[in-house]
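In the numbering used here, the protein residues as written are 572 to 825.
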């Protein structure tokens, strides 16, 4: 994983299942490596992240491979991402990234990946903004999914093309749901950290504990907390009670 400042953009893991346990564990758990391969319906996908605060891109080894870059031979940046796309796709990709950074709009953009010798491969670039507790876009996370020609696909024609479009739409919907879940969890973690002064891992442990004891998914707990913090809804009674049990007020907040 390499990191370098992006000179262009200045203005943006599948959710980990909550462990079943009766109380929050304070012992840190290692996060999965960012280069972990992603498989979606026999397709290869690479992960990426753009950090607005530092203006840097990071992406996985799979992303480097999909963009046609030699390992360690190029630093992640906006220009490299755009240059790896068909010239006709670049304006749409850059516009989608800018809209996600400034307006918090998620996107999925069909692209043509350029290969050596002028070859092209179909793919889709999916991005989801990551918001801080105040609702400001602090990062953009997403996936680049390659859609290679599949010999097992039905023959070209109305039926075959329709099946492929439906399959792609299903995959994109699943990817966006996973990233939206992660974004909500990151926001809720930030709120818990702000209220209690705890660290990132402990904040996730708190959410997992609330999830286990309220019989709700971690994402449902996260959405309830963020919606309440934004004043759009009230916390369910069971979540409110569990938060009071495991989140004593931070003295610095008084």
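Quick reminder that beta carbons are idealized off the backbone N, C-alpha and C, glycines included.
As the structure is a prediction and not an experimental result, all values here were calculated from the model.
- Straight through space, the alpha carbons of residue 703 and residue 788 are spaced by roughly 21 Å.
- Residue 615 sits in a strand when the DSSP states are folded into three classes.
- Bounds of the alpha helix (DSSP H) holding residue 649 are 649 to 654.
- The three-state secondary structure of residue 629, taken from DSSP, is strand.
- Bounds of any alpha helix (DSSP H) do not take in residue 715; it lies within the beta strand (DSSP E) bounded by 708 to 717.
- In this structure, DSSP gives residue 662 a helical state, which the three-state scheme calls helix.
- Take the alpha-carbon of residue 753 and the one of residue 673: they are about 19 Å apart.
- Shown here for residue 757: same chain residues with a beta carbon closer than 7 Å to its own, the five before and five after excluded, namely 701 in chain order.
- About 7 Å separates the beta carbon of residue 685 from that of residue 639, a gap short enough to meet the 8 Å contact definition.
- Here the C-alpha atom of residue 710 lies approximately 10 Å from the C-alpha atom of residue 628.
- Rounded to whole angstroms, the Cβ separation of residue 618 and residue 714 is 6 Å, and the two are in contact under 8 Å.
- Only buried fits residue 790, as 16 or more other CB atoms lie within 10 angstroms of its CB.
- Within the model, the alpha-carbon separation for residue 687 versus residue 632 is close to 18 Å.
- Residue 815 sits in a helix when the DSSP states are folded into three classes.
- With contacts defined by Cβ atoms closer than 8 Å, residue 680 and residue 667 form a contacting pair.
- The alpha carbon of residue 693 has as its nearest neighbour, out of 804, 615 and 718, the alpha carbon of 718.
- The criterion of a C-beta distance shorter than 8 Å is not satisfied by residue 778 and residue 795.
- Straight across, the Cα-Cα distance linking residue 807 with residue 699 is about 27 Å.
- A direct Cα-Cα distance of roughly 13 Å separates residue 768 from residue 817.
- Annotation for residue 778: the continuous alpha helix (DSSP H) segment containing it runs 771 to 785.
- Residue 780 counts as buried, since no fewer than 16 other beta carbons sit within 10 angstroms of its beta carbon.
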